[in-house]
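Here the sequence shown stands for residues 56 to 346, numbered as in my numbering.
For every residue, glycine included, the Cβ atom is placed at its ideal position computed from N, Cα and C.
One structure is given below, encoded as C-alpha coordinates.
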Amino acid sequence: MLSNFEKSEDLHEFLVLNRSLFEKRLLDVAVNVRDKINEIRLIGNINLLDNAHHLVLLVVDQEKEEVSKFARKEGVLWAKFAMTLSFKLEWLRSIRRTLWEFLNQYDVLCGNTTKTSEIFYKETIRYNDLIDHFTNGFFMSYSKYKDELIEKQQKLVNNLSVPIIPITPDVCILPLIGTIDSNRANIIEEKVLLEVGRRRIQTLIMDLSGIAEMDSDSIQLFLKLLDGVNMMGCELVITGLRPEIVRNMVKHDVDFRSKATTKASLQKALQDYLKLDTNRNTNSFIDFYNS
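As C-alpha coordinates, this is what we get:
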(Lines of atoms letter the chains of each structure in order from A and count residues from 1; the text may use other names and numbers.)
(Lines give C-alpha, C1' and ligand atoms only; values in the text may rest on other atoms or scores of the structure.)
Protein backbone atom coordinates (compact mmCIF):
# COMPACT_ATOMS: atom_id res chain seq x y z
CA MET A 1 0.00 0.00 0.00
CA LEU A 2 2.81 2.39 0.83
CA SER A 3 4.28 1.99 -2.62
CA ASN A 4 1.22 3.73 -4.03
CA PHE A 5 2.23 6.96 -2.32
CA GLU A 6 4.72 9.45 -3.67
CA LYS A 7 7.23 10.26 -0.97
CA SER A 8 7.99 13.82 0.06
CA GLU A 9 9.88 15.49 2.89
CA ASP A 10 7.22 18.20 3.06
CA LEU A 11 3.66 17.47 4.24
CA HIS A 12 2.11 20.09 1.95
CA GLU A 13 3.90 18.67 -1.06
CA PHE A 14 3.00 15.11 0.01
CA LEU A 15 -0.71 15.98 -0.06
CA VAL A 16 -0.35 17.71 -3.43
CA LEU A 17 1.54 14.79 -4.98
CA ASN A 18 -0.96 12.26 -3.63
CA ARG A 19 -4.10 14.26 -4.30
CA SER A 20 -5.78 11.59 -6.46
CA LEU A 21 -5.28 8.98 -3.70
CA PHE A 22 -6.59 11.41 -1.10
CA GLU A 23 -9.72 12.08 -3.15
CA LYS A 24 -10.31 8.37 -3.79
CA ARG A 25 -10.06 7.59 -0.08
CA LEU A 26 -12.25 10.55 0.82
CA LEU A 27 -14.99 9.31 -1.49
CA ASP A 28 -14.73 5.85 0.05
CA VAL A 29 -15.23 7.32 3.51
CA ALA A 30 -18.01 9.79 2.60
CA VAL A 31 -20.50 7.13 1.57
CA ASN A 32 -23.64 9.30 1.51
CA VAL A 33 -22.04 12.38 -0.01
CA ARG A 34 -20.19 10.85 -2.94
CA ASP A 35 -23.41 10.25 -4.90
CA LYS A 36 -24.40 13.91 -4.41
CA ILE A 37 -21.15 15.49 -5.61
CA ASN A 38 -22.32 16.17 -9.15
CA GLU A 39 -25.73 17.38 -7.95
CA ILE A 40 -24.13 19.84 -5.51
CA ARG A 41 -21.81 21.08 -8.23
CA LEU A 42 -24.74 21.73 -10.56
CA ILE A 43 -26.84 23.45 -7.90
CA GLY A 44 -24.26 25.75 -6.35
CA ASN A 45 -21.22 25.45 -8.63
CA ILE A 46 -19.37 23.94 -5.66
CA ASN A 47 -16.58 21.46 -6.31
CA LEU A 48 -16.46 19.45 -3.11
CA LEU A 49 -13.22 17.64 -3.96
CA ASP A 50 -11.37 20.84 -4.88
CA ASN A 51 -12.64 22.51 -1.73
CA ALA A 52 -11.65 19.55 0.46
CA HIS A 53 -8.13 19.56 -0.92
CA HIS A 54 -7.91 23.33 -0.46
CA LEU A 55 -9.04 23.03 3.15
CA VAL A 56 -6.54 20.32 4.14
CA LEU A 57 -3.68 22.33 2.64
CA LEU A 58 -4.75 25.39 4.64
CA VAL A 59 -4.94 23.23 7.76
CA VAL A 60 -1.48 21.64 7.42
CA ASP A 61 -0.01 25.07 6.59
CA GLN A 62 -1.77 26.51 9.69
CA GLU A 63 -3.39 29.35 7.73
CA LYS A 64 -5.99 30.26 10.34
CA GLU A 65 -7.16 33.51 8.73
CA GLU A 66 -7.54 31.85 5.33
CA VAL A 67 -9.48 29.03 6.95
CA SER A 68 -11.87 31.61 8.43
CA LYS A 69 -12.38 33.33 5.07
CA PHE A 70 -12.95 30.02 3.33
CA ALA A 71 -15.47 28.95 6.00
CA ARG A 72 -17.47 32.18 5.61
CA LYS A 73 -17.56 31.82 1.84
CA GLU A 74 -18.67 28.18 2.04
CA GLY A 75 -21.33 28.98 4.63
CA VAL A 76 -22.95 31.62 2.43
CA LEU A 77 -22.93 29.34 -0.62
CA TRP A 78 -24.58 26.46 1.21
CA ALA A 79 -27.20 28.76 2.71
CA LYS A 80 -27.83 30.59 -0.56
CA PHE A 81 -28.60 27.40 -2.45
CA ALA A 82 -30.34 25.71 0.52
CA MET A 83 -28.13 22.63 0.42
CA THR A 84 -28.48 19.90 3.03
CA LEU A 85 -26.42 20.47 6.16
CA SER A 86 -26.19 16.75 6.97
CA PHE A 87 -24.11 16.27 3.81
CA LYS A 88 -21.73 19.01 4.90
CA LEU A 89 -21.35 17.46 8.35
CA GLU A 90 -20.57 14.05 6.92
CA TRP A 91 -18.17 15.60 4.39
CA LEU A 92 -16.23 17.44 7.12
CA ARG A 93 -16.02 14.31 9.26
CA SER A 94 -14.75 12.38 6.24
CA ILE A 95 -12.15 15.05 5.46
CA ARG A 96 -10.87 14.89 9.03
CA ARG A 97 -10.67 11.10 9.03
CA THR A 98 -8.95 10.95 5.62
CA LEU A 99 -6.48 13.65 6.59
CA TRP A 100 -5.41 11.70 9.68
CA GLU A 101 -4.97 8.54 7.63
CA PHE A 102 -2.68 10.43 5.25
CA LEU A 103 -0.79 12.04 8.11
CA ASN A 104 -0.09 8.53 9.36
CA GLN A 105 1.10 7.40 5.92
CA TYR A 106 3.31 10.47 5.68
CA ASP A 107 4.93 9.62 9.03
CA VAL A 108 5.49 6.03 7.94
CA LEU A 109 7.15 7.07 4.69
CA CYS A 110 9.31 9.58 6.54
CA GLY A 111 10.26 7.04 9.21
CA ASN A 112 8.45 8.97 11.95
CA THR A 113 6.90 5.87 13.50
CA THR A 114 8.23 6.40 17.00
CA LYS A 115 6.48 9.64 17.91
CA THR A 116 5.98 10.26 21.58
CA SER A 117 2.48 10.70 22.87
CA GLU A 118 3.30 14.36 23.58
CA ILE A 119 4.22 15.05 19.95
CA PHE A 120 1.17 13.22 18.67
CA TYR A 121 -1.04 15.13 21.11
CA LYS A 122 0.33 18.47 19.89
CA GLU A 123 -0.27 17.48 16.27
CA THR A 124 -3.81 16.42 17.11
CA ILE A 125 -4.58 19.77 18.68
CA ARG A 126 -2.95 21.72 15.84
CA TYR A 127 -4.78 20.05 12.97
CA ASN A 128 -8.11 19.37 14.67
CA ASP A 129 -8.28 22.93 15.94
CA LEU A 130 -8.28 24.38 12.42
CA ILE A 131 -10.82 21.91 11.11
CA ASP A 132 -13.07 22.78 14.05
CA HIS A 133 -12.36 26.45 13.35
CA PHE A 134 -13.58 25.95 9.78
CA THR A 135 -16.68 24.07 10.97
CA ASN A 136 -17.64 26.79 13.44
CA GLY A 137 -17.03 29.54 10.90
CA PHE A 138 -19.06 27.69 8.29
CA PHE A 139 -22.11 27.28 10.52
CA MET A 140 -21.95 30.85 11.83
CA SER A 141 -21.81 32.17 8.27
CA TYR A 142 -24.57 29.80 7.19
CA SER A 143 -26.85 30.83 10.07
CA LYS A 144 -26.23 34.55 9.59
CA TYR A 145 -27.02 34.41 5.88
CA LYS A 146 -30.14 32.32 6.51
CA ASP A 147 -31.37 34.71 9.21
CA GLU A 148 -30.83 37.73 6.94
CA LEU A 149 -32.59 35.95 4.08
CA ILE A 150 -35.57 35.04 6.26
CA GLU A 151 -35.79 38.64 7.52
CA LYS A 152 -35.78 39.99 3.96
CA GLN A 153 -38.44 37.50 2.91
CA GLN A 154 -40.56 38.37 5.94
CA LYS A 155 -40.37 42.07 5.08
CA LEU A 156 -41.41 41.28 1.52
CA VAL A 157 -44.34 39.17 2.75
CA ASN A 158 -45.35 41.95 5.15
CA ASN A 159 -45.37 44.50 2.35
CA LEU A 160 -47.32 42.22 0.04
CA SER A 161 -49.85 41.52 2.79
CA VAL A 162 -50.84 45.23 2.83
CA PRO A 163 -51.42 45.98 -0.88
CA ILE A 164 -52.54 49.61 -1.06
CA ILE A 165 -53.78 50.23 -4.61
CA PRO A 166 -54.14 53.84 -5.87
CA ILE A 167 -57.33 54.47 -7.89
CA THR A 168 -57.04 58.24 -8.18
CA PRO A 169 -54.49 60.66 -6.67
CA ASP A 170 -56.76 60.95 -3.61
CA VAL A 171 -58.45 57.53 -3.36
CA CYS A 172 -56.82 54.16 -2.63
CA ILE A 173 -58.09 50.65 -2.01
CA LEU A 174 -56.72 48.24 0.58
CA PRO A 175 -58.01 44.70 -0.09
CA LEU A 176 -57.25 42.37 2.83
CA ILE A 177 -57.48 38.61 2.70
CA GLY A 178 -56.84 35.71 5.07
CA THR A 179 -56.76 35.91 8.85
CA ILE A 180 -55.86 39.00 10.85
CA ASP A 181 -54.05 38.20 14.08
CA SER A 182 -52.32 40.64 16.44
CA ASN A 183 -49.01 40.49 14.59
CA ARG A 184 -50.55 41.17 11.20
CA ALA A 185 -52.78 43.88 12.63
CA ASN A 186 -49.70 45.73 13.85
CA ILE A 187 -48.06 45.36 10.43
CA ILE A 188 -51.20 46.66 8.70
CA GLU A 189 -51.35 49.64 11.06
CA GLU A 190 -47.72 50.57 10.46
CA LYS A 191 -47.97 50.19 6.68
CA VAL A 192 -51.31 51.99 6.32
CA LEU A 193 -50.34 55.02 8.40
CA LEU A 194 -47.06 55.29 6.52
CA GLU A 195 -48.77 55.12 3.12
CA VAL A 196 -51.58 57.52 4.09
CA GLY A 197 -48.96 60.10 5.01
CA ARG A 198 -46.68 59.42 2.04
CA ARG A 199 -49.39 59.34 -0.61
CA ARG A 200 -51.57 61.99 1.09
CA ILE A 201 -54.57 59.69 0.72
CA GLN A 202 -57.90 61.46 1.20
CA THR A 203 -60.14 58.38 1.05
CA LEU A 204 -59.08 54.82 1.87
CA ILE A 205 -61.46 52.00 0.96
CA MET A 206 -60.68 48.92 3.06
CA ASP A 207 -62.27 45.81 1.61
CA LEU A 208 -62.63 43.03 4.20
CA SER A 209 -64.57 40.56 2.06
CA GLY A 210 -61.52 38.28 2.00
CA ILE A 211 -61.00 38.27 5.77
CA ALA A 212 -61.88 34.91 7.25
CA GLU A 213 -61.27 35.63 10.93
CA MET A 214 -60.45 38.41 13.39
CA ASP A 215 -59.99 37.68 17.09
CA SER A 216 -60.86 40.14 19.85
CA ASP A 217 -57.31 41.47 20.19
CA SER A 218 -57.14 42.06 16.43
CA ILE A 219 -60.46 43.92 16.53
CA GLN A 220 -59.13 46.28 19.20
CA LEU A 221 -55.99 46.90 17.16
CA PHE A 222 -58.18 47.46 14.11
CA LEU A 223 -60.04 50.18 16.00
CA LYS A 224 -56.71 51.84 16.84
CA LEU A 225 -55.89 51.83 13.14
CA LEU A 226 -59.17 53.58 12.36
CA ASP A 227 -58.39 56.23 14.96
CA GLY A 228 -54.93 56.79 13.52
CA VAL A 229 -56.19 57.10 9.95
CA ASN A 230 -58.90 59.56 11.05
CA MET A 231 -56.34 61.67 12.92
CA MET A 232 -54.39 61.99 9.68
CA GLY A 233 -57.44 63.48 7.95
CA CYS A 234 -58.21 60.46 5.81
CA GLU A 235 -61.78 59.28 5.30
CA LEU A 236 -62.26 55.55 5.81
CA VAL A 237 -64.69 53.37 3.93
CA ILE A 238 -65.06 49.72 4.96
CA THR A 239 -66.60 47.23 2.57
CA GLY A 240 -67.39 43.53 2.48
CA LEU A 241 -67.79 42.80 6.20
CA ARG A 242 -68.66 39.13 6.60
CA PRO A 243 -71.49 38.09 8.97
CA GLU A 244 -69.15 36.11 11.22
CA ILE A 245 -66.86 39.12 11.62
CA VAL A 246 -69.82 41.36 12.40
CA ARG A 247 -71.12 38.88 15.00
CA ASN A 248 -67.73 38.85 16.68
CA MET A 249 -67.70 42.66 16.79
CA VAL A 250 -71.20 42.79 18.23
CA LYS A 251 -70.21 40.16 20.80
CA HIS A 252 -67.39 42.40 21.99
CA ASP A 253 -69.58 45.53 21.85
CA VAL A 254 -67.50 47.08 19.08
CA ASP A 255 -69.01 49.83 16.96
CA PHE A 256 -66.80 51.74 14.56
CA ARG A 257 -69.54 53.49 12.57
CA SER A 258 -68.40 56.81 14.01
CA LYS A 259 -64.89 56.15 12.70
CA ALA A 260 -65.68 54.85 9.21
CA THR A 261 -68.39 54.56 6.59
CA THR A 262 -69.51 51.05 5.71
CA LYS A 263 -70.61 49.80 2.30
CA ALA A 264 -71.96 46.41 1.35
CA SER A 265 -69.44 45.83 -1.41
CA LEU A 266 -66.36 47.25 -3.05
CA GLN A 267 -68.32 47.88 -6.23
CA LYS A 268 -70.86 50.00 -4.30
CA ALA A 269 -68.05 52.03 -2.71
CA LEU A 270 -66.44 52.67 -6.10
CA GLN A 271 -69.73 53.82 -7.55
CA ASP A 272 -70.37 56.21 -4.65
CA TYR A 273 -66.88 57.59 -4.11
CA LEU A 274 -65.56 57.70 -7.63
CA LYS A 275 -68.87 58.79 -9.14
CA LEU A 276 -68.61 55.93 -11.68
CA ASP A 277 -71.48 54.14 -13.34
CA THR A 278 -71.25 50.40 -13.80
CA ASN A 279 -69.65 50.91 -17.19
CA ARG A 280 -67.01 48.78 -18.82
CA ASN A 281 -64.07 50.39 -16.99
CA THR A 282 -65.59 49.87 -13.57
CA ASN A 283 -66.60 46.32 -14.33
CA SER A 284 -63.14 45.59 -15.71
CA PHE A 285 -61.57 46.70 -12.44
CA ILE A 286 -64.06 44.68 -10.40
CA ASP A 287 -63.46 41.61 -12.54
CA PHE A 288 -59.69 42.06 -12.15
CA TYR A 289 -59.96 42.46 -8.39
CA ASN A 290 -62.30 39.50 -7.96
CA SER A 291 -60.01 37.29 -10.04
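In whole angstroms, what is the alpha-carbon distance linking residue i and residue j?
i    : j    : result
G288 : D202 : 39 angstroms
F77  : F157 : 8 angstroms
A107 : S149 : 10 angstroms
V284 : L248 : 6 angstroms
K318 : K207 : 36 angstroms
M304 : N241 : 19 angstroms
K124 : I300 : 55 angstroms
K91  : L321 : 54 angstroms
G130 : L140 : 10 angstroms
V84  : I205 : 34 angstroms
G252 : D282 : 14 angstroms
G265 : R80  : 60 angstroms
K119 : T168 : 28 angstroms
F194 : N93  : 23 angstroms
D65  : S75  : 17 angstroms
D105 : C165 : 26 angstroms
I293 : S196 : 47 angstroms
Q326 : E290 : 16 angstroms
K306 : S237 : 18 angstroms
Q209 : P298 : 31 angstroms
Q275 : K128 : 47 angstroms
S271 : K323 : 28 angstroms
N159 : L144 : 23 angstroms
Going along the chain, which residues of its own chain have a beta-carbon closer than 8 angstroms to the beta-carbon of residue i, five neighbours each way excluded?
i    : result
L278 : V309, F311, K314
V122 : L110, L113, V114, L185, H188, F189, G192
C227 : I219, I220, P221, E250, R254, I256, T258, L259, I260
L280 : A240, I243, E244, V247, L248
I142 : Sequence check: residue 142 is Phe here, not Ile. Excluding positions up to five away in sequence, the list reads N87, V88, K91, I95.
W146 : A85, V88, L103, A107
D116 : H67
Y328 : V226, T258, I260, V292
Once the 5 residues before and after residue i are set aside, which same chain residues still bring their CB inside 7 angstroms of it?
i    : result
L72  : E61, S63
N102 : R96
P224 : none
L296 : L263, T317
E268 : T234
S273 : I235, D236, S237, A240
Using the DSSP secondary-structure output, state which residues sit across from residue i in a beta bridge.
i    : result
K318 : T294
C227 : P221, L259
I266 : G233
Does DSSP put residue i in a helix, in a strand, or in coil?
i    : result
V309 : coil
D90  : coil
Q160 : helix
F142 : helix
A137 : coil
K124 : helix
G166 : coil
G288 : coil
E61  : coil
E118 : coil
T171 : coil
L347 : Past the edges of the chain, shown from 56 to 346, lies residue 347, and the structure says nothing about it.
N191 : helix
I95  : helix
I243 : helix
I106 : With the sequence shown as reference, residue 106 is identified as Asn, and Ile is not the correct amino acid for it. Helix, per DSSP.
I101 : coil
A324 : helix
N238 : helix
N73  : coil
Cutting at 6 angstroms between CB atoms, please list the residues of its own chain near residue i, excluding the five before and the five after it.
i    : result
R151 : I186
P230 : D262
L154 : V111
F69  : S63, Y161
A126 : F189, G192, F193
Y200 : V131, A134
V217 : I243, K246
I232 : G265
Determine contact between the region 93 to 103 and the region 161 to 174, defined as no fewer than three beta-carbon pairs at a distance below 8 angstroms.
By the C-beta criterion, the region 93 to 103 is judged not to be in contact with the region 161 to 174, since fewer than 3 inter-stretch pairs fall below 8 angstroms.
Any contact between the region 176 to 183 and the region 130 to 138? By contact I mean 3 or more CB pairs, one from each, below 8 angstroms.
Remark: fewer than three beta-carbon pairs, one from each stretch, lie closer than 8 angstroms, so the region 176 to 183 and the region 130 to 138 are not flagged as touching.
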